[in-house]
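Residue numbers for the sequence shown follow my numbering, beginning at 9 and rising by one.
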Amino acid sequence: MKFVSSLLIACIILLTGDLLFSAQQASAAPKIVYFTDNYEVIHGNPYTGTAFDINKSGYTFTNDPEVTKFINGTEVIPADGDIVRVHIAWADFEPANNQWEWDRFDQFMSKINEQGKTAEVQLLMSESPDPTEAGFPHKYPPEWLFETAGCPYRWAPYGDTPHYSKQPIYYNSCYLDELEEAVNAFAERYDGNPGIAWVDLRAFSLFGEWSGWNDGQFFPWPDATTRTNTLRQIIDIYVNAFQETMVTMQNAGAHVNNSDPDANTQAKRYQAFAFDYAAAQPGWGFRSDTVNSSGNWMDYSTWSQAQWNNRKTRRDHLQASEGANWDNSLYMLNNPRKVVQNALEDYRSNLQGINNTGFEKWNDMKAAYGEWFTLLGRYSGYRFLLAKAQYNDKVAAGGEFALTQTWTNNGVGFLPRKYPLKVYFINPQNNEVVWSAVDQSFDQTRWFKGEYHDVKSSFTLPASLAAGNYDLYISMVDAAGEPKIKLPMDNENNKKYKIGSIAVAATADAYTAPALTSQFRVEGEDYTAAHGAYGTYYSPEGDHDSLYMEKNGNWVEYDNIDVPQSGMYTVEFRVSSEEANYFHLEVDGVNVTGAIKAPNSGGYLKFRTIERQVYLTEGRHTLKVVRGSIDRWFFLNWMKFTLNDAMEIKLQAENPSDSSGVWLNATEFTDNDGTPGVSIIDTGDWLEYENVYIPKSGNYLFEMRYSTLAGSSPQKYKLQVDGVDASSEFSLLDTGGVNNMRNQDEVVYLPEGNHTLRIVWTDAQSRTIWNWMKFSYQDEYVKTIEAEHYTMQWNLDKEDQWNGHNTAVTVEDFNDGGAVKAAVFRKKNDYTKYDNVYIPHNGHYFVEFRVASNAAHRFNFEVDGTVYPVDVPNTGGGYQFTTIHRWVKLSRGINNMRIVLDQTNSSSNLAINWLKITK
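See below:
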């Protein structure tokens, strides 16, 4: 946790006018505190973590020696293994008809709970593979199902040899009745067991799995209706049985079958194999067992079903994944980094299995995968960070207490169930809780990477609350009010986190909460339906992939987007385009932007940001991007939606209250936001804007958006507030042509209240097109990021290559006034990524880099695609560290950053210890 003391002092000066206040005064000061992700790997959170396979190949659950060691206590689940994946077959718990054997699984679950772990219980209820085949000794349905109960079956081939298994005739009532009885019996005993993370509907060929029984798509269903109805009936068995425990079903790897008229498109197959029916079950999840190193897992073709299902369901349903055996030299160990990249960036997994380690091979696997095992554990699932907290540091007994929070999710997955926020006042003298309360409205189940969410939690304090000074803590709690979610934050006490201090007195000022804002992001390639458009691999800006749309009428749809708050949003489209490509955005079938004319972005796969203002309502929506003319190349990297903030005031230049001497409808060039500008601006001209409300006294970033005719001399102006000069004379420099819009940024002081703003042109010669001006509140802020705390690293030229753990960036030990770790760059295009960096205000930030090199280098510091070159001098022999810096413009909200080595010297590597962002 980082307390920005200078910021707190500034807030106190601003809002109380007096630093020398005491706890006995009635006034209260708003306190703002920022926090940084501590980068620790989190273990023990529900529904996410690191997978540990306990089953030993060649054994059933009943006779597995590894399970026996665990039950006997001779082996314990490793500390860094969170969710234990265990196979248990129908024959293990019902070896004879209506003869139930629970003792062994009872003992197993007792040990799971005792060790504070959870289990992914994979129920094996479908085929009966050949017990002579290595790795598949199970009799999934017991023999009595066929021999005694008389359920019909067929001999189904499996593998290349082939082997044969007794495959039940799924739609036969005998199988369905017995399956329902067995699942109900299991659920009656274990539903709601806190040690079960979820029960996996492990049915290999039921849902068209291609990598299991090779008849996965070709089971002899009598007709398509029977197929779909049977699969839905099986899902219903699990829905009805498990009322508390989550169920996951297989997201099978089979593809669209062109010869099947009911499943010859992704959308039709989604329904034919009942994926849509499972997705309609709240709280269910999906699992795929094809996430490995064999190329990019995400497939944007029109025939890849598992990938399409993943994109369609991952904002509503937990995604679990697994690869092949951990030591498989073709699909796993040949490229551990690719396994992890596929799980995190393609699949967005809550849990990725690196299979078949058991107790014997766990440490061998960790050594082989190295930092990639650690990175997988760090970013799988959710990773909630309280980025900012704001509250009055003095409250009255019997009065209101409000806590405004800004949250981010730094993981790739999400939390499928709600854990409310609990707030505590704790006596620092004896660590006793003097007051606590739960905000039941707090809901983090729709928080995803690339977003931030403002939340206000309000409480009425008891009148009997004793006066005094207390520590303020928060936690995310379960239904019993017990802390349950570990956060990547310091100052922790049993999953409770200290965020500051607070005084309780007889009286206190009311808290004026800031307006709540939010931001969400849609990656172009994450579409759920498309016509003519498709995803492309490896965006050059580091956002993994992007979207390609070439033809008039091409479109993509995103039917799973949740808008967190109603309001006016600034929508940023990050595009690569030739000039005059058109497109528009639809929300629920309504064109909300009109035709957007894309500017020339600067070349093929060179990106530029276009803005529009769109009003959105809270809730689930379908977004659709539609291409217009002309038929030329066009890429969409991402769309970012930011709720407009009262602390930012944007005034369109062409909409003054009054003006003199200017033309208010300049359309020679329409800016990135689609609006005209002001032109024919000469010395002495002015434009005035009345009733501009400034929400808070202080410094504001003053942005002027403009362009000039090529070869222009500086065009000069100044800002007046209520008839008084509020700035010195500023200059707009030559942009090289009216098509080259840019921002001129200054900082000005503005007082709170309603004011009249006037722009007075002091030296101008009709050479400027002025589009808009914007004022963004500025406040102090400091964030330090350790260079080795990246979210991904590699080399831009080797994205699919693996030449060992030293292929690209490494983390090594150095001395910088003490022992430190630093990221070491060796080759041109080595890079490190720092995703999801929260920035509180638009503005220019002073960014420092702590570097060491025995030779000169250059790297690019990139922020959402904008490149800032940084030159590194020779810092002296022996890798002596020094601090270099440059100014960087950052946007309010989530920023994705990257360091890319641009020019290197073969005689020396570049080491970076940390980067520090200061406002």
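Glycine residues also receive a C-beta, built at the ideal position from the N, C-alpha and C atoms.
Based on the DSSP output, what are the partners of residue i in its beta bridges?
| i | result |
| --- | --- |
| K782 | K658, E711 |
| H552 | Beta-bridge pairing links H552 to no other residue. |
| M905 | Y842, V871 |
| I434 | V441, D479 |
| A37 | A37 pairs with nothing; no bridge assigned. |
| G575 | L624 |
| Q175 | R162 |
| Q258 | R295 |
| S509 | D479 |
| E128 | R93, W206 |
Measure the beta-carbon distance from residue i to residue j and round it to whole angstroms, keeping in mind my assumption that it falls under 8 Å.
| i | j | result |
| --- | --- | --- |
| Y478 | I434 | 6 Å |
| T625 | V571 | 7 Å |
| I953 | P160 | Nothing about residue 953 can be reported from this structure: the residues present for the chain run from 9 to 927 only. |
| T256 | I204 | Not a contact, Cβ separation roughly 11 Å. |
| F528 | F649 | 5 Å |
| T675 | P684 | 5 Å |
| E794 | W922 | 5 Å |
| T365 | D61 | 6 Å |
| Y697 | L740 | Between L740 and Y697 the Cβ distance is about 18 Å, and since that is not below 8 Å, they are no contact. |
| S774 | D653 | At roughly 35 Å, the Cβ-Cβ gap does not stay under 8 Å, so S774 and D653 are not in contact. |
| A397 | I507 | 5 Å |
Just checking: is the beta-carbon of residue i within a distance shorter than 8 Å of some beta-carbon in chain D?
| i | result |
| --- | --- |
| A518 | Among the chains in the structure shown there is no chain D, since it carries only a single protein chain. |
For residue i, name the three-state secondary structure that DSSP assigns.
| i | result |
| --- | --- |
| Q241 | helix |
| T76 | helix |
| W221 | The predicted position of W221 is uncertain, since its pLDDT is 41 and thus under 50; a value taken from the coordinates is nonetheless stated next. Note: W221 maps to strand in three-state DSSP. |
| S181 | helix |
| S585 | strand |
| K402 | strand |
| V247 | helix |
| I120 | helix |
| M373 | helix |
| G561 | coil |
| A516 | coil |
| A538 | strand |
| L28 | With a pLDDT of only 25 at L28, under 50, the local geometry of the prediction cannot be trusted, and no value is derived from it. |
| R454 | coil |
| K897 | strand |
| A734 | coil |
| R235 | helix |
| Q413 | strand |
| E928 | A query on residue 928 cannot be resolved here, the shown segment of the chain reaching from 9 to 927 and no further. |
| Y198 | helix |
| W646 | strand |
| W108 | coil |
Between the C-alpha atoms of residue i and residue j, what's the straight-line distance to the nearest angstrom?
| i | j | result |
| --- | --- | --- |
| T792 | L384 | 23 Å |
| K503 | T414 | 19 Å |
| D824 | A860 | 9 Å |
| W98 | P150 | 6 Å |
| I604 | F581 | 10 Å |
| L613 | G561 | 21 Å |
| Y842 | V420 | 13 Å |
| Q33 | A474 | The predicted model places Q33 with a pLDDT of 36, which falls under 50 and marks its position as unreliable; any figure quoted below should be read in that light. In a straight line, the C-alpha of Q33 is about 16 Å away from that of A474. |
| S472 | W443 | 10 Å |
| A37 | K402 | 7 Å |
| N53 | Y285 | 28 Å |
| A142 | S65 | Its pLDDT being 47, under 50, A142 is placed unreliably in this model, and the coordinates cannot settle the point. |
| T799 | Y708 | 32 Å |
| G611 | F833 | 28 Å |
| W778 | S301 | 52 Å |
| L480 | E440 | 12 Å |
| Q809 | N343 | 7 Å |
| Y179 | N237 | 9 Å |
Is the stretch 43 to 63 touching the stretch 401 to 413 in the sense that three or more CB pairs, one from each, lie closer than 8 Å?
no
Check whether the stretch 350 to 363 touches the stretch 299 to 314, counting contact only when three or more Cβ pairs, one atom from each stretch, lie closer than 8 Å.
Under the 8 Å Cβ criterion, the stretch 350 to 363 counts as touching the stretch 299 to 314, having at least three qualifying pairs.
Inter-stretch contact at 8 Å, needing at least 3 Cβ pairs: the stretch 895 to 904 / the stretch 455 to 462:
yes
Is there contact between the stretch 265 to 285 and the stretch 508 to 518, where contact requires at least three CB pairs shorter than 8 Å?
no
With contact counted as at least three CB pairs below 8 Å, one residue from each stretch, are the stretch 906 to 915 and the stretch 828 to 842 in contact?
With a cut-off of 8 Å, the stretch 828 to 842 and the stretch 906 to 915 count as touching, because enough Cβ pairs lie within range.
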